[in-house]
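As they're listed, the protein sequences go chains A and B. Convert by adding 230 to the 1-based position in the first sequence; the result is the number in the numbering used here. Convert by adding 29 to the 1-based position in the second sequence; the result is the number in the numbering used here.
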Amino acid sequence: NAGVTQTPKFQVLKTGQSMTLQCAQDMNHNSMYWYRQDPGMGLRLIYYSASEGTTDKGEVPNGYNVSRLNKREFSLRLESAAPSQTSVYFCASSIQGSNQPQHFGDGTRLSIL
Amino acid sequence: EDQVTQSPEALRLQEGESSSLNCSYTVSGLRGLFWYRQDPGKGPEFLFTLYSAGEEKEKERLKATLTKKESFLHITAPKPEDSATYLCAVQPGPSPRLTFGEGTQLTVNP
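Okay, here's the thing in structure tokens:
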């Protein structure tokens, strides 16, 4: 049982390049999330999808776009990468509804030069 | 604005030395408080959900408690394998959005 799978695990980009981070879950969860984790800032929500076909902005959405491809997959796209987007990106999923714990993947470590 | 503050930032214990981690929060309409464990290079691993003041949950050497303003994660007789960063998060209102604290880095020496 894989849970939440993120690809790639590591990536180095140049400023201005574009990239899509992939996330897939096999727990039949309705809701999916993208976070970034930076030293001294904690985990911050970028975008989330409460259910298939819906997406909403989180705390730090600028510079990112998302696509909920189907129930299993939720991708995060950087259209024109900036050094400020250097971070560790985590995808999570949960049963739909409030009070439900989110389950995380192991992250994508992204460096932008 | 919802806020979560965890203390201490770092804690070093000897094996068997019990202690507590603190999570203080201000939120409008708490729906749930979550504790996670994060190992280096890994994603957060879910530990507990607490819903209302007075609630307690236990798992092995860990016990989480909740009041109206803070939560404690008590670690009894810790072992080196309990070394990790412990994260606290709150869920305000009906939205599934979580607000995380910055975590407490726990090191347990043998």
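All C-beta atoms in this analysis are idealised placements derived from N, C-alpha and C, irrespective of residue type, glycine included.
query = Straight-line CA distance for Q267(A) to L135(B)?
reply = Looking at the two C-alpha atoms, the distance is approximately 18 Å.
key: Contact set between P331(A) and chain B, taken where Cβ atoms lie within less than 7 Å   = In chain order: F63, F75, T78.
key: Pair within 8 Å by beta-carbon distance, G58(B) and G122(B)   = Annotated as proximal: G58(B) and G122(B), with beta-carbon spacing under 8 Å.
message = On the CB-based measure, 16 or more other CB atoms within 10 Å of its CB, does M271(A) come out buried or exposed?
response = When all chains shown are included, M271(A) counts as exposed.
request  = Let me know the secondary structure DSSP gives E30(B) once reduced to three states.
outcome  = DSSP places E30(B) in coil when its eight states are reduced to three.
query = Taking the alpha-carbon positions, what's the S124(B) to G246(A) distance?
reply = Rounded to whole angstroms, S124(B) and G246(A) show a C-alpha spacing of 33 Å.
key: Coil, strand or helix - S314(A) by DSSP   = Reduced to three states, the DSSP call for S314(A) is helix.
task = Spell out a yes or no on whether the segment 298-311 of chain A and the segment 252-266 of chain A are touching, meaning 3 or more CB-CB pairs, one atom from each, closer than 8 Å.
result = Yes, the segment 298-311 of chain A touches the segment 252-266 of chain A.
task = Measure the CB-CB distance between V318(A) and G293(A) and report whether it falls below 8 Å.
result = Not a contact, by the Cβ cut-off of 8 Å.
Inter-residue Cα distance where the pair is S248(A) and P69(B) = Taking the straight line joining both Cα atoms gives about 27 Å.
message = Strictly below 8 Å CB to CB, what residues from chain B border A232(A)?
response = None at all; the shortest Cβ gap to chain B is about 13 Å.
message = My output table needs one value for P121(B): the three-state DSSP class, helix, strand or coil.
response = When DSSP states are grouped into helix, strand and coil, P121(B) belongs to the strand group.
message = Threshold first: 4 residues or longer. Then list the alpha helix (DSSP H) segments lying entirely within the segment 75-132 of chain B, N to C.
response = Fully contained in the segment 75-132 of chain B is no alpha helix (DSSP H) run of length 4 or more.
inquiry  = Taking the straight line between their C-alpha atoms, what separation do you get for T128(B) and L79(B)?
reply    = Spanning the two alpha carbons is a distance of roughly 15 Å.
key: Inter-residue spacing [alpha-carbon to alpha-carbon] between F77(B) and P313(A)   = Each residue's CA atom was taken as its position, placing F77(B) and P313(A) some 35 Å apart.
key: Residue nearest to A254(A) in terms of C-alpha spacing, selected from G327(A), L308(A), S297(A), P331(A)   = Closest by alpha carbon: S297(A).
ask   = In its own chain, which residues sit with a C-beta less than 6 Å from the C-beta of S49(B), not counting the 5 before and 5 after it?
value = Cβ within range, chain order: F101, H103.
message = At 4 residues or longer, what runs of the alpha helix (DSSP H) sit wholly inside the segment 285-334 of chain A?
response = Assignment of alpha helix (DSSP H) within the segment 285-334 of chain A, counting only whole runs of 4 or more residues, yields no such run.
query = Apart from the five residues on each side of it in sequence, which residues of its chain come closer than 6 Å, Cβ to Cβ, to Q120(B)?
reply = Same-chain partners within the cutoff: R60, G61, L127.
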